[in-house]
Structures are given as C-alpha cells and as structure tokens.
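*Asks:* In this note's numbering, the protein residues as written are 277 to 797. Every residue, glycine too, gets a C-beta built ideally from N, C-alpha and C. Got a structure for you, written out below as structure tokens; questions coming shortly.
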C-alpha cells in the first residue's frame with residue numbers, strides 16, 4: 277500500500293493536510309509516512325543529489341517507536357493535535373533535548389561542546405501537537421551572523437545545502453542571491469520540504485531568513501508579527517527582531533503549524549482557536565496593493581537579474597494583478613513604499629545595528645538557560661575563541677571569518693544607538709511606510725516581489741510577511757529556481773494573510789515541484 281500511495285512523486289507533492297486525512301481514515305499509517313520520508317532523506321540528503329538539507333536525523337528506532345504510539349492513539353481516536361503523525365524538520369538553531377537523539381549546533385562546532393538540558397518551547401509545542409520531528413535542518417551558520425558575505429545555506433557543521441530545482445554546480449558568480457542560491461538562513465528547512473524529507477519546515481527570521489528560502493523552493497510561509505511565538509529556545513542574533521515561523525506546500529499547512537506554535541494567550545484569542553477561521557477561496561471584499569516591480573529588485577551586490585529574468589518575473593507579477601481584478605479584489609497599483617536606503621543612519625542600516633547590540637546578551641542567556649551548567653561554551657566570546665582555536669573546522673573556505681561575532685563582542689553599539697535605530701526603523705518602515713500606505717488606500721495587504729528588500733520592511737516594522745509561489749525562472753533555456761510574492765500585512769494581521777494566501781492557492785497555478793527528483797533513478 278505504501279509504495280503506491282507514497283512514491284517519490286507523492287512525497288514531493290502531497291501536503292501535510294492531505295497526509296493527515298489519509299492517516300485519520302487509516303489509508304496510511306504513521307509508520308508508513310515516517311519510513312517513506314526517512315527513505316527520501318537517505319536517497320538525497322548525503323548521497324544522490326547530496327542536498328545536505330538535514331544536519332541531524334532522529335534515530336530510526338526511536339522514530340518508529342513514536343510512530344507506532346501515534347498510530348495506536350489514532351486507532352483509539354485520540355489524536356494529539358492537527359499535526360498528529362506529520363514529519364516536521366526544525367532549524368538546527370532550536371535546542372532539542374538529547375532524548376530526541378539529535379544534536380544542536382546552529383551550524384557551528386562550538387555548540388556541539390555543550391549538552392542541552394531541555395527542548396525549546398517551540399519544540400515542545402510541536403511534539404504536544406503530534407508532530408514527528410524527523411530531523412534538524414542545516415542553516416547559514418549562526419543564523420547568518422558569523423561574518424560578512426556568508427554563503428546562504430552553508431555551515432561549518434552541515435556543509436552546503438543545495439536546491440533541488442537548480443541544475444549544475446552551486447555557482448555564485450552572479451551574486452550572493454543569484455539563481456543558484458537556495459536563500460537563507462533557514463535554508464535546510466525549506467529544501468527539506470521541497471525535497472520530500474518532511475511536510476513542514478520550521479525556521480527563524482531576522483531579515484528574510486524564512487521568506488527568502490521559501491520563495492526559492494516554491495513554498496508558502498509566514499513570518500508572524502514579533503512576539504506571537506516564543507523564540508527563547510533558539511540561538512538568535514536579536515531578542516527583539518527574531519521570530520520563528522513555518523513553511524510548507526500549502527497555506528493551510530502553514531496556518532496549522534503556526535497555530536500549533538503560538539503562545540497560549542494568542543491562540544486562545546483566535547476565533548475558534550485557529551487561523552482556519554480565516555480561510556477563503558475568494559478575493560471578494562479585499563483591497564490589495566502592489567508595488568511597482570522595477571523599483572523593488574534585490575540590491576545589485578546580491579544579484580543583477582538579466583533582461584530575460586526580469587521579463588519572466590515581471591510578466592508573472594503583472595498577470596497576478598490582472599487576475600486578481602477579475603476575481604473581485606479591489607487592486608491599488610502602484611503603491612509607494614519607502615526604499616530600504618531610508619533605513620540608514622549615518623550610512624549604517626538601522627536593522628543591522630540592533631543585532632550587534634543584542635547578540636552577546638541574547639547568546640549568554642540562551643547558553644545559561646538551555647545547556648548544562650559548567651559547559652565549555654558560555655558566551656559569544658567563547659564561540660569566537662573556539663573558532664580561533666579550531667580554524668580548520670570552524671573557519672572553512674565558505675565561512676572563513678567571524679567579523680560579525682567579533683564586532684558584537686569587542687565593539688557593539690551603545691544602548692542609546694540601538695534605541696535610536698529602533699525609533700528610526702519604526703518611523704520609516706511603520707509610521708511613514710506601511711501604516712501610511714494601509715491607511716491612505718484602505719489596504720488589507722501589500723504585495724511585492726520577494727526578489728527584493730520587502731522583507732526588510734517587515735523586519736523594521738515588526739509586521740508579518742508571507743510568501744506565496746509566483747513562478748519559476750527558465751534562464752538560457754534551462755529550468756532554474758522558483759520565485760515568489762511577498763505579502764505584507766499590519767501587526768496582528770496574520771488572519772488576513774491566511775485569507776489572502778488560501779484564496780491565492782485556490783485560484784492560481786499549483787506550485788512547481790523539483791522534476792529532477794522524480795526523473796532520476
């Protein structure tokens with residue numbers, strides 16, 4: 277039964293919701309699903325296409341024991357929650373207790389010297405909801421805060437995560453976010469979902485770390501408003517900016533995972549206790565804005581798209597605008613938003629100042645609360661020194677410096693400078709930016725190219741941002757990576773985002789799946 281229902285193509289295309297329905301009607305067992313996803317990991321994580329998306333896999337015996345228990349609970353009609361039996365991958369910056377059989381590294385060998393003493397709150401919520409945490413995903417090392425110009429998806433511990441959509445070698449000569457880049461820093465979580473290793477991926481985001489890799493893997497995702505989900509059990513570069521979030525193959529799956537991870541007070545306040553209340557198949561009654569795409573590209577030092585790429589992207593973008601009008605949405609185009617250059621203070625981006633002030637204290641608190649007392653690594657300074665003492669392991673070619681860590685330890689900005697940066701971020705991105713646009717045009721959401729700095733407006737304002745799949749580049753006659761649409765809403769606008777995301781999914785073309793994973797032996 278499993279061979280036909282969970283062949284490779286099904287594992288690449290089925291959603292968590294579809295798997296859940298098959299589990300509950302007993303068409304599949306949790307054991308079937310766990311075995312199938314484990315097989316996919318074995319085929320293409322460290323061999324086959326060598327995607328290197330997962331850095332630590334849960335022991336098979338423990339996984340199967342849990343799967344059997346979850347099957348018994350389903351037989352007794354006692355599911356733990358909406359994620360019951362669903363394989364999930366979490367970013368390896370979240371702490372997991374050794375009982376789960378997986379390490380915690382944040383992509384850096386220094387963390388492997390310590391022993392965790394408990395799970396991150398997000399991990400406990402996922403387990404309580406019935407999820408099967410099948411592995412921990414690779415990431416851009418230390419959540420992209422180790423040094424300047426890190427390669428997305430590379431860590432000293434996990435190596436280079438690659439995209440299953442892109443053919444050929446991992447080449448970045450067109451820029452750090454060229455078509456070959458899988459995006460980051462939550463790279464492995466996104467690739468795991470697109471490659472069939474799991475049905476839901478969990479990541480964290482300071483500035484683009486969930487939405488960027490999701491767009492490049494044709495996934496739906498949400499980075500929620502700051503404070504809705506507890507981030508305390510993860511290595512994070514900023515207490516105030518970092519936020520956990522979910523990515524999946526459908527908007528519904530993202531909503532279910534997000535609901536599962538919410539702080540209790542937020543979940544209780546939702547209608548019917550779930551974001552499912554907001555699901556819709558229609559854009560009727562919505563007012564949506566679109567920025568002008570030629571004004572919203574990636575910065576040129578990240579990628580200068582060819583005329584071919586710009587034409588493909590903008591044609592897909594304008595097609596969405598035309599279709600939404602026919603589907604009943606009130607469309608405002610173009611909507612003006614402040615460019616990210618306005619976020620600079622004395623030549624420095626305000627959103628970069630905050631992590632340099634907060635990272636050292638956040639790391640020390642994280643190490644103190646979640647790892648054994650007396651552990652080798654107790655501070656950001658200890659991480660810097662460990663890297664210096666072990667250069668072969670910790671300072672390899674793709675991550676050869678730790679300038680960001682050193683600056684955060686030796687020359688952090690003052691508290692006053694951090695407060696000024698926060699005030700400036702809110703003034704530009706929130707008050708004079710998104711708030712003004714939403715108010716002026718009575719907007720529910722604003723759309724922008726994800727291949728842009730739109731995520732920075734979310735970071736600076738604290739407002740939620742989602743991604744929906746838009747298209748896929750075909751460059752020089754070769755299929756390349758997918759690209760997506762950013763969707764921005766007001767603070768607390770997650771329900772509106774899920775209304776838009778589910779309507780989008782119901783009315784636009786299905787997401788692409790990586791065909792080379794189907795066609796290869």
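#1: Taking only runs that begin and end inside the stretch 491-515, name each unbroken beta strand (DSSP E) of 3 or more residues, in chain order.
#2: Taking its Cβ as the centre, do 16 or more other Cβ atoms sit within 10 Å of residue 382, making it buried, or is it exposed?
#3: Can you check the stretch 371-419 for any beta strand (DSSP E) of at least 3 residues that lies completely inside it and give the ranges in chain order?
#4: Among the residues of its own chain, which have a CB less than 6 Å from the CB of residue 282, if the five just before and after it don't count?
#5: Report yes or no: do the stretch 465-483 and the stretch 700-720 share at least 3 C-beta pairs separated by less than 8 Å?
#6: Would DSSP call residue 549 helix, strand or coil?
#7: According to DSSP, residue 476 sits in a beta bridge with which residue or residues?
#8: Report the residue from 572, 547, 673 whose alpha carbon sits nearest the alpha carbon of residue 586.
#9: Span of the beta strand (DSSP E) holding residue 606?
#10: Going by DSSP, what residue range makes up the alpha helix (DSSP H) through residue 629?
#11: Compute the Euclidean distance between the alpha carbons of residue 498 and residue 523, then round it to the nearest angstrom.
#12: Within a Cβ cutoff of 8 Å, which residues of the same chain sit near residue 291, ignoring the five residues on either side of it in sequence?
#13: Quick check: what's the CA-CA separation for residue 631 versus residue 658?
#14: Report the CB separation of residue 726 from residue 627 in whole angstroms; it is logged as a contact under 8 Å.
#15: For the stretch 683-694 against the stretch 633-648, are there 3 or more C-beta pairs whose distance is under 8 Å?
#16: Are the CB atoms of residue 614 and residue 738 nearer to each other than 7 Å?
#17: Rounded C-beta distance between residue 243 and residue 764? I'm assuming under 8 Å.
#18: Under 6 Å Cβ to Cβ from residue 662, same chain only, skipping five residues before and after it: list those, please.
#19: Are residue 233 and residue 482 close, meaning C-beta to C-beta below 7 Å?
#20: Taking the DSSP output, what are the residues bridged to residue 744?
#21: Quick one: using the 10 Å Cβ neighbour count with 16 as the cut-off for buried, is residue 371 buried or exposed?
#22: From which residue to which residue does the alpha helix (DSSP H) around residue 585 run?
#23: Per DSSP, what kind of secondary structure is residue 751 in: helix, strand or coil?
#24: In terms of residue numbering, what span does the alpha helix (DSSP H) encompassing residue 794 cover?
#25: For the stretch 485-492 and the stretch 338-353, state whether three or more C-beta atom pairs, one from each stretch, are separated by less than 8 Å.
#26: Which residues does DSSP list as the beta-bridge partners of residue 724?
#27: Just verifying my parser: in three-state terms, what is the DSSP assignment at residue 427?
#28: Would you mind reading off the limits of the alpha helix (DSSP H) that contains residue 735?
#29: What is the DSSP secondary structure of residue 279, counted as helix, strand or coil?
#30: Assuming the contact rule is C-beta atoms closer than 8 Å, residue 409 and residue 314 should be a hit. Round their C-beta distance to whole Å, please.
#31: Specify the secondary structure class of residue 561 as computed by DSSP and reduced to three states.
#32: Grab the span of the beta strand (DSSP E) containing residue 442 for me, first residue to last.
*Replies:* In short, the structure shows the following:
#1: 496-499
#2: Walking along the chain shown from the start, residue 382 turns up at place 106. It counts as buried.
#3: 408-413
#4: Translated into the one-based positions of the chain shown, residue 282 becomes position 6. Hits under 6 Å: 312.
#5: no
#6: Counted from its first residue, the chain shown places residue 549 at position 273. The answer is helix: DSSP assigns residue 549 an H, G or I state.
#7: As a working note, residue 476 is residue 200 in the chain shown. Residue 476 is bridged to 364, 524.
#8: Counting from 1 along the chain shown, the entry for residue 586 is found at position 310. Closest by alpha carbon: 572.
#9: Counting from 1 along the chain shown, the entry for residue 606 is found at position 330. It spans 606-608 - the beta strand (DSSP E) in which residue 606 sits, taken as one unbroken run.
#10: Taking the first residue of the chain shown as position 1, residue 629 is located at position 353. Unbroken alpha helix (DSSP H) run through residue 629: 626-646.
#11: Start at 1 with the first residue of the chain shown, and residue 498 comes out as number 222. Start at 1 with the first residue of the chain shown, and residue 523 comes out as number 247. Residue 498 and residue 523: Cα-Cα distance of roughly 7 Å.
#12: By 1-based counting over the chain shown, the position of residue 291 is 15. Taken in chain order, the residues that qualify are 475, 524, 525, 526, 528, 529.
#13: Locating residue 631 in the chain shown gives position 355, counting from the first residue. Locating residue 658 in the chain shown gives position 382, counting from the first residue. C-alpha separation (whole angstroms): 18 Å.
#14: Within the chain shown, numbered from 1, the residue matching residue 726 stands at position 450. Within the chain shown, numbered from 1, the residue matching residue 627 stands at position 351. Not confirmed; about 18 Å, so no contact.
#15: yes
#16: Position 338 of the chain shown, counting from 1, holds the residue named residue 614. Position 462 of the chain shown, counting from 1, holds the residue named residue 738. Cβ distance not < 7 Å, so residue 614 and residue 738 don't count as in contact.
#17: Nothing about residue 243 can be reported from this structure: the residues present for the chain run from 277 to 797 only.
#18: The count along the chain shown starts at 1 and reaches residue 662 at position 386. Excluding sequence neighbours, residue 662 sits near 386.
#19: Here the chain covers residues 277 to 797 and nothing more, so residue 233 does not appear.
#20: By one-based count along the chain shown, residue 744 stands at place 468. 761.
#21: Start at 1 with the first residue of the chain shown, and residue 371 comes out as number 95. Residue 371 is buried by the Cβ-count criterion.
#22: The sequence position of residue 585 within the chain shown is 309, counting from 1. Taken as a continuous stretch (DSSP letters only), the alpha helix (DSSP H) holding residue 585 covers 583-602.
#23: For the purposes of this step, residue 751 is taken as the residue at position 475 of the chain shown. Looking at residue 751 - three-state DSSP - the assignment turns out to be strand.
#24: Looking up residue 794 in the chain shown gives position 518. From DSSP, the alpha helix (DSSP H) with residue 794 extends over 791-795.
#25: no
#26: As a position in the chain shown, residue 724 is number 448, starting the count at 1. Its beta-bridge partners are 762.
#27: In the chain shown, the residue the question calls residue 427 occupies position 151. It is coil, neither helix nor strand.
#28: Residue mapping note: residue 735 aligns to position 459 of the chain shown, counting from 1. Residues 730-737.
#29: Within the chain shown, residue 279 is the residue found at index 3, counting from 1. Only weak support exists for where residue 279 lies, its pLDDT of 48 falling under 50; the value from the coordinates is given anyway. Here residue 279 sits in helix by DSSP.
#30: As a working mapping, residue 409 is identified with position 133 in the chain shown. As a working mapping, residue 314 is identified with position 38 in the chain shown. Incorrect: roughly 13 Å between the Cβ atoms, too far for contact.
#31: Reading the chain shown from its first residue, position 285 is the one you call residue 561. Three-state result, residue 561: coil.
#32: Working through the chain shown from its first residue, we reach residue 442 at position 166. First-last for residue 442: undefined, no H or E at that position.
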